[in-house]
Amino acid sequence: MPFRFGPLELIILLAIIVLLFGPGRIGKVAGEIGKSIKSFRDGLGGRDDDENHPPVTDEKKT
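Right under this line is the structure:
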């Protein structure tokens with residue numbers, strides 16, 4: 035019989051995680067995970083940072 039997480043189990047798990055790591059550290063970890071996922075997706079797509087930014091030129095506007 036497979037074990038399924040109900041709402042009560044998820045709340046208890048979340049409370050334990052907050053107690054172990056604290057709310058500030060969880061936010062930092064979530065931000066880093068988001069950045070790494072974005073970087074991974076960009077890498078799979080073959081995108082570089084150079085493609086997202088226009089080239090810098092030394093031309094003077096007159």
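Heads up: the sequence shown is residues 35 to 96, going by the numbering used here.
By construction, the Cβ of each residue, glycine as well, lies at the ideal position given by its N, Cα and C atoms.
If the criterion is Cβ atoms closer than 8 Å, does the pair I60 and V52 meet it? Yes, they are a contact pair.
Would you kindly report the start and end of the unbroken alpha helix (DSSP H) that includes G58? From DSSP, the alpha helix (DSSP H) with G58 extends over P57 to G79.
Can you tell me the Cα-Cα spacing of L78 and K62, whole angstroms? Computed Cα separation, rounded: 24 Å.
Just how far apart, CA to CA, sit R75 and I50? Across the structure, R75 and I50 are spaced so that their CA atoms are roughly 31 Å apart.
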